[in-house]
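A.B. asks:
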Amino acid sequence: KDEAIGLQVEVASLTTENKHLKGREEEVKNAIDLHAARLLNTTADSLAEKQNTKLSDIIKPLKKELDEFKSKREKDKVDAAEDLGTLKQELKTLTTLNQTLSTDAKELTVALKGDQKAQGNWGELKLRKVLEASNLKAGSEYIEQGEGLDLKDENGKRQQPDFIINLPDDKHLIIDSKVSLVAYERYVNADNDAEKQKSLDDHIKSVNNHVDELSKKHYHANDAISSPEFVFIFMGLESALIAALDHDMSIATNAWDKNIIIVSPSLMLASLKSVAAVWKHEKQTRNAIEIATKAGSFYDKLVGFVE
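Start counting the sequence shown at 342; every next residue gets the next number (this note's numbering).
1. Would you mind working out which of Leu514, Ala584, Ser607 sits nearest Asn563, comparing C-alpha positions?
2. Secondary structure at Asp517, three-state DSSP: helix, strand or coil?
3. Can you round the beta-carbon distance between Ile505 and Tyr525 to whole angstroms, since I take them to be within the 8 Å contact cut?
4. Short of 8 Å in beta carbon distance, which residues of its chain neighbour Gly497, apart from the five on each side in sequence? Order them along the chain.
5. Going by other Cβ atoms of all chains shown within 10 Å of its Cβ, with 16 needed for buried, is Asp587 buried or exposed?
6. Check whether the segment 577-592 touches the segment 542-550, counting contact only when three or more Cβ pairs, one atom from each stretch, lie closer than 8 Å.
7. Would the beta-carbon of His551 be found less than 7 Å away from any heavy atom of the ligand COA?
8. Taking the alpha carbon of Thr594 as the reference point, which residue from Ser580, Ser612, Gln501, Asp553 has its own alpha carbon closest?
9. How would you label Lys583, buried or exposed, when you count the other beta carbons within 10 angstroms and need 16 or more for buried?
10. Quick one: using the 10 Å Cβ neighbour count with 16 as the cut-off for buried, is Ala611 buried or exposed?
11. Quick one: what does DSSP say Asn507 is sitting in, helix, strand or coil?
12. Where Met576 and Val604 are concerned, what is the direct C-alpha to C-alpha distance, given to the nearest angstrom?
13. Is DSSP giving Ala565 helix, strand or coil here?
14. By how many angstroms is the C-alpha of Val616 removed from the C-alpha of Asn664?
15. In whole angstroms, what separates the C-alpha of Leu428 from that of Lys614?
16. Applying the 10 Å Cβ sphere with the 16-neighbour rule, what's the burial state of Gly480?
17. Using a Cβ-Cβ cutoff of less than 8 Å, which residues in the same chain neighbour Leu490 once the five nearest sequence positions on both sides are dropped?
18. First and last residue of the beta strand (DSSP E) that includes Glu482?
19. Under 8 Å between C-beta atoms, does Leu468 make it to chain B?
20. Does the beta-carbon of Ser412 have 16 or more other beta-carbons within 10 angstroms, so that it is buried, or is it exposed?
21. From the DSSP output, read off the bridge partner residues of Val572.
22. Thinking just about the alpha-carbon of each residue, which of Val529, Gln500, Phe571 is nearest to the one in Ala596?
23. With distances taken between CB atoms, is the gap from His551 to Ile516 smaller than 8 Å?
24. Flag this pair as yes or no: are the beta carbons of Ile509 and Tyr560 separated by less than 8 Å?
25. Could you tell me how far apart the beta carbons of Lys558 and Gln500 are, in whole angstroms, since I believe they sit closer than 8 Å?
26. Alpha helix (DSSP H) containing His559: first to last residue?
27. On the criterion of 16 or more Cβ atoms from any shown chain inside 10 Å, does Lys478 qualify as buried, or is it exposed?
28. Taking 8 Å as the cut-off, decide whether the C-beta atoms of Ile601 and Ser556 are in contact.
29. Going by beta-carbon coordinates alone, are Leu522 and Ala581 separated by less than 8 Å?
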C-alpha cells in the first residue's frame, strides 16, 4: 500500500514537471519566434535600405544623363530654328559680300601697282572675308599657310598652301588664292577694243598658266594631309572669272582635267557653307554616339542591379 502511494506521488510529480517543461518549451518557442521576427524585420529593413541606396546610385547618374540629353536636344532644336530663321540673313550676307568684293576692284588696282606679294595678300584678304562669312573657325576648321603641318614636296621643298580647310575624319581641302589679275585690271581700264581684247587674252593665258603651275605641286600626294585629288583656285573678283569664262569656257574644263576647280567668291562661299554644314552634322553625330554610349552603360548597370 505504501508502495502504491509512493508511485502515485511520483506520477503526480512527473506530471507536474512535464507541465512545467511544456510551459518552458512554449516560452522558449515564443522567444525564438519573437527574435526571428525581429531579425527578419531588421534584415528586411537593411536590405531595403541597401537596395534603395544602390538604386539611387544608378538613378542619379541616369537623371543627370537624361537632363544632359534633354539639354542637347533642346540646343539642337534651337540651332535648327536659328538656321531656318537666318536663311534670309545668309542670302543677304551673300549679296553684301558680292557687293563688297565687286567694289574691291579699287583696292585691287592699288594692289596691282605694288609687287607680286601685295597682289597675293589682296587675294588672301578677299578669301579670308569669305571664310569669315561661312562661319568656319580659324585654327580648328581651317588654317593658313599650312601652319603646324611642316608640308614639303617630294624634293623636300617647303609647301605653303594659302588655306587648308579641315574636314571630319582628318580630311582636307586646299585653296589657292594667288591667281594674278594684272591683265584683267588692264582689260577693265583699256581705252579701246584692241587693247581690251589683248588684255582679255592675256588674262585667260595668265589663269591657264597658274592652273598649270598649281597642278605640278601635287598637294594631294603629301603624306601630311589627306586631300582629294583637286585644289580650289579662288578668284577674288566675280567679274574676272565671268569675263574669262565668257570668252573661253575651256578654262574651266582645262582646270578640271588637271584636278583644279576655279571658283568665284559666291561659289566659294556656297562650298564653304557646305563644309560648315558637314562639321555641324559631325558634332551632332558625336553627341548622339555619346548619348547612346551612356544609355548602354546605364542599361548594363540596371541589368546588374536586377540580377
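Beta carbons: idealized from backbone N, C-alpha and C, even for Gly. Source: prediction; values computed, not measured.
C.D. replies: If we stick to the structure as given:
1. Looking up residue 563 in the sequence shown gives position 222. With distances taken between CA atoms, Asn563 lies nearest to Leu514 out of Leu514, Ala584, Ser607.
2. In the sequence shown, residue 517 corresponds to position 176, counting from 1. It is a strand residue.
3. Along the sequence shown, one-based indexing puts residue 505 at 164. Along the sequence shown, one-based indexing puts residue 525 at 184. With a beta-carbon spacing of about 26 Å, Ile505 and Tyr525 fall beyond the 8 Å limit used to define contacts.
4. Residue mapping note: residue 497 aligns to position 156 of the sequence shown, counting from 1. So no residue of the chain qualifies.
5. Sequence index remark: in the sequence shown, residue 587 carries index 246 (1-based). That one is exposed.
6. Cβ pair count under 8 Å is three or more, so yes.
7. With respect to small molecules bound, the structure shown includes none, and the ligand COA cannot be examined in it.
8. In the sequence shown, residue 594 corresponds to position 253, counting from 1. Ranked by Cα distance from Thr594, the first of Ser580, Ser612, Gln501, Asp553 is Asp553.
9. Locating residue 583 in the sequence shown gives position 242, counting from the first residue. Strictly speaking, residue 583 in this sequence is Ile, with Lys absent from that position. Exposed, since its Cβ has fewer than 16 Cβ neighbours within 10 Å.
10. If you number the sequence shown from 1, residue 611 lands on position 270. Exposed, because fewer than 16 other Cβ atoms sit within 10 Å of the Cβ of Ala611.
11. Residue 507 sits at position 166 when you count from the first residue of the sequence shown. Collapsing the DSSP output to three states places Asn507 in a strand.
12. Residue numbering aside, residue 576 sits at position 235 when the sequence shown is read from its first letter. Residue numbering aside, residue 604 sits at position 263 when the sequence shown is read from its first letter. Each residue's Cα considered, the two are about 6 Å apart.
13. On the sequence shown, residue 565 is found 224 positions in, with the first residue counted as 1. Here Ala565 sits in coil by DSSP.
14. Given that the chain is displayed from residue 342 to residue 648, the structure contains no residue 664 and the question cannot be resolved.
15. Residue mapping note: residue 428 aligns to position 87 of the sequence shown, counting from 1. Residue mapping note: residue 614 aligns to position 273 of the sequence shown, counting from 1. Model confidence at Leu428 stands at a pLDDT of 44, short of 50, so the residue's coordinates are unreliable and nothing is read from them.
16. On the sequence shown, residue 480 is found 139 positions in, with the first residue counted as 1. So Gly480 counts as exposed.
17. Counting from one through the sequence shown, the residue named residue 490 turns up at place 149. If you ignore the 5 residues before and after Leu490, its C-beta comes within less than 8 Å of the C-beta of Ile484, Ile505, Ala565, Ile566, all in its own chain and listed in chain order.
18. Within the sequence shown, the letter at position 141 stands for residue 482. Per DSSP, Glu482 lies in no beta strand (DSSP E) and is assigned neither H nor E.
19. Absent from the structure is chain B; it holds one protein chain and no more.
20. To locate residue 412, count along the sequence shown from 1; it is residue 71. Classification for Ser412: exposed.
21. Start at 1 with the first residue of the sequence shown, and residue 572 comes out as number 231. Ile601, per the DSSP bridge assignment.
22. The residue labelled residue 596 in the question sits at position 255 within the sequence shown. Considering only alpha carbons, the answer is Phe571.
23. As a position in the sequence shown, residue 551 is number 210, starting the count at 1. As a position in the sequence shown, residue 516 is number 175, starting the count at 1. Contact flag unset, no.
24. As a working note, residue 509 is residue 168 in the sequence shown. As a working note, residue 560 is residue 219 in the sequence shown. The displayed chain sequence assigns Pro, not Ile, to residue 509. No, the Cβ-Cβ distance between Pro509 and Tyr560 is not below 8 Å.
25. Residue 558 sits at position 217 when you count from the first residue of the sequence shown. Residue 500 sits at position 159 when you count from the first residue of the sequence shown. About 7 Å separates the beta carbons of Lys558 and Gln500, which is inside the 8 Å limit, making them a contact pair.
26. The sequence position of residue 559 within the sequence shown is 218, counting from 1. Neither: His559 is in no alpha helix (DSSP H) and is coded neither H nor E.
27. Looking up residue 478 in the sequence shown gives position 137. By the neighbour-count rule (16 or more Cβ atoms within 10 Å), Lys478 is not buried but exposed.
28. Your numbering for residue 601 matches position 260 in the sequence shown. Your numbering for residue 556 matches position 215 in the sequence shown. In this structure, Ser556 lies closer than 8 Å to Ile601 by Cβ.
29. Taking the sequence shown and counting its residues from 1, the one referred to as residue 522 is at position 181. Taking the sequence shown and counting its residues from 1, the one referred to as residue 581 is at position 240. Taking 8 Å as the Cβ cut-off, Leu522 and Ala581 qualify as a contacting pair.
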